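2 protein chains.
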Amino acid sequence: MKLHGYFRSSASYRVRIALGLKGLKAEQAFYHLRKGEQRSDNFLKLNPQGLVPALETDDGNVLTQSMAMLEWLEETHPNPPMLPKDPIARAKVRAFAYVIACEIHPVQNLLVLNNVRALGHGDAEVNEWARRTNYEGLAACEALLAHEKGPFCFGATPTLADICLIPQMGNARRFGADVSGFKRLLEAEAACKNVKAFADAAPEKQPDAE
Amino acid sequence: MKLHGYFRSSASYRVRIALGLKGLKAEQAFYHLRKGEQRSDNFLKLNPQGLVPALETDDGNVLTQSMAMLEWLEETHPNPPMLPKDPIARAKVRAFAYVIACEIHPVQNLLVLNNVRALGHGDAEVNEWARRTNYEGLAACEALLAHEKGPFCFGATPTLADICLIPQMGNARRFGADVSGFKRLLEAEAACKNVKAFADAAPEKQPDAE
Chain W
13 MKLHGYFRSS ASYRVRIALG LKGLKAEQAF YHLRKGEQRS DNFLKLNPQG
63 LVPALETDDG NVLTQSMAML EWLEETHPNP PMLPKDPIAR AKVRAFAYVI
113 ACEIHPVQNL LVLNNVRALG HGDAEVNEWA RRTNYEGLAA CEALLAHEKG
163 PFCFGATPTL ADICLIPQMG NARRFGADVS GFKRLLEAEA ACKNVKAFAD
213 AAPEKQPDAE
Chain S
13 MKLHGYFRSS ASYRVRIALG LKGLKAEQAF YHLRKGEQRS DNFLKLNPQG
63 LVPALETDDG NVLTQSMAML EWLEETHPNP PMLPKDPIAR AKVRAFAYVI
113 ACEIHPVQNL LVLNNVRALG HGDAEVNEWA RRTNYEGLAA CEALLAHEKG
163 PFCFGATPTL ADICLIPQMG NARRFGADVS GFKRLLEAEA ACKNVKAFAD
213 AAPEKQPDAE
């Protein structure tokens, strides 16, 4: 397998964590998003949408969309599981993951922030947009864990919820969101820090980190 | 089951389609989003995030996030399937669905458009934001189907891809996006129109439609 990504891309980070949790080794290729390398001819041949990550499988398929890659990894490499067995519990883990993947992340990514900028807004307003999106979204995530046992988001082992949470916590801090009140999220983050797959996937550990 | 939604909410619309495809009957409750009824005490008890849809299951659980509901429905009511069997094919269907659920829909929903408005922009700029988001996102969706057989997005039967596509096509037109060049999306839409579950789930057929 070969993962095409970028050290700071949250979606690439999710897939790096999941590959590690599954004990899978993947070659990596890196594209500098701010320099527009994801729009190079070579990458557009793999993913015409020009978005990282893209995952080349061993049989030559190219998968796009990090959440689809995570589900594919879970289906093809079920152990250790990233989702509980009970359908209601799975739905709760996925709902948490989707608050991040469908509500927070898309509204504060580079493309959207550039759109805000294109409407005539400067750094302060753009950053406030991203800060608030992260803060309010993570507040919703914290509420979803009110009755869930730790130390991870949903119990004793990491799930899709933690895989989506950890990259988003990094974004939230980068945009100045005050996460200090999110006790359960911080507990889950602390638990993940002790898991090698999470530690190895951190942006600052990647060869393209700046 | 009881689906708490709003006739025009795309995410509620997705779940209405899926319930119909699975042959399930669910009671419905409606909340007028523009009047803020999703922030009423009654609804916040169900979903503290104050977002529709919410799905009350027969055993009293409350599910949130439409994409989590769709996966739950697929897991608990596998027939007829909304995803193919082959893992790579499933990943491709999900990737298409996530382009809509994680890239288009969140960037043009009411909350984000209100944020654009709060930055001092009027109807024309807000509408152009939403139009462009729909147009560019659906162009990516059309490209994903270049090598997929019809008449539905991915073959002879509707999948999660169609379930996400149909509501989004409605939004795209409402914001003035020109979808006439998206031949495969239009083909899939035409095929869905002949499926009762899609027809019955249409916003204009709901009791709260205006």
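Protein sequences, first through last, are from chains W and S. For the first sequence, counting from 1, position 34 maps to 46 in this note's numbering; every step adds exactly one. For the second sequence, counting from 1, position 94 maps to 106 in this note's numbering; every step adds exactly one. Backbone N, C-alpha and C define an ideal beta-carbon position, used for all residues, glycine too. Just so you know, these numbers come straight off a predicted model, no measurement behind them.
- For W/Leu123, the enclosing alpha helix (DSSP H) stretches over residues 122-130.
- Rounded to the nearest angstrom, the gap between the Cα atoms of W/Asp212 and W/Gly17 is 15 Å.
- Residue range 135-156 is occupied by the alpha helix (DSSP H) that includes W/Glu148.
- Chain-order list of chain W residues neighbouring S/Pro92: empty, with the shortest C-beta distance near 18 Å, by a criterion of under 7 Å.
- Runs of beta strand (DSSP E) with 3 or more residues, each lying fully within the segment 52-89 of chain S, are found at 66-68, 74-76, listed in chain order.
- In the structure shown, the three-state DSSP call for W/Lys37 is coil.
- Annotation: the continuous beta strand (DSSP E) that includes S/Leu15 extends over 14-17.
- Neighbours of S/His89 in chain W, taken as residues at a C-beta separation under 8 Å, are lacking, since the least C-beta distance is about 10 Å.
- Residue contact check for W/Met79 against chain S: a CB pair falls below 9 Å.
- Counting along the chain, the unbroken alpha helix (DSSP H) around W/Ile175 starts and ends at 172-186.
- The three-state secondary structure of S/Gly48, taken from DSSP, is coil.
- Scanning chain S for C-beta atoms nearer than 7 Å to the C-beta of W/Val124 yields Val119, reported in chain order.
- Between S/Leu198 and S/Ile112, the alpha-carbon positions lie close to 16 Å from each other.
- Here DSSP, grouped into helix, strand and coil, assigns S/Gly167 to strand.
- Annotation for S/Pro96: no alpha helix (DSSP H) segment contains it, and DSSP assigns it neither H nor E.
- Distance from W/Leu33 to W/Pro179 at the Cβ level is roughly 14 Å; contact not present, criterion being Cβ atoms closer than 8 Å.
- In the structure shown, the three-state DSSP call for W/Phe194 is coil.
- Contact of S/Ala103 with chain W is assigned, a C-beta pair being separated by under 9 Å.
- Annotation: W/Val124 to S/Ser78 spans about 23 Å, alpha carbon to alpha carbon.
- Within 10 angstroms of the beta-carbon of S/Leu75 lie 16 or more other beta-carbons, which makes it buried.
- Not a single CB atom of chain W sits nearer than 9 Å to the CB of S/Ile175.
- Nearest C-alpha to S/Arg106 among W/Phe187, W/Gln50, W/Lys37, W/Glu83: W/Glu83.
- When 9 Å is used as the limit between beta carbons, S/Pro96 is near no residue of chain W, the shortest such separation being about 12 Å.
- At a beta-carbon threshold of 8 Å, none of the residues of chain W lie near S/Cys165; the nearest stands roughly 14 Å away.
- With respect to W/Arg196, W/Glu160 sits close: the two C-beta atoms are nearer than 9 Å.
- Nearest neighbour of S/Glu137 by Cα position, chosen from W/Ala136, W/Glu140, W/Gly132, W/Asn139, turns out to be W/Gly132.
- When Cβ pairs closer than 8 Å are counted between the two stretches, the segment 41-61 of chain S is seen not to touch the segment 86-99 of chain S, the count staying below three.
- Between the alpha carbons of S/Glu201 and S/Leu177 lies a distance of about 8 Å.
- Following the DSSP letters along the chain, one finds W/Ala211 inside the alpha helix (DSSP H) bounded by residues 208-213.
- Taking 8 Å as the upper bound for CB-CB distance, S/Gly149 and S/Ile116 are in contact here, some 3 Å apart.
- Distance check between W/Gly167 and each of W/Arg20, W/Leu45, W/Ser52, W/Cys204 places W/Cys204 closest, using alpha-carbon atoms only.
- By the rule that beta-carbons nearer than 9 Å mark a contact, S/Gln180 does not touch chain W.
- With respect to the 9 Å criterion, W/Asn183 and W/Asn127 are not classified as neighbours on the basis of their beta carbons.
- By the CB criterion at 9 Å, S/Gln120 and S/Phe194 fall outside the cutoff.
- Residue environment for W/Lys104: buried (at least 16 other C-beta atoms within 10 angstroms of its C-beta).
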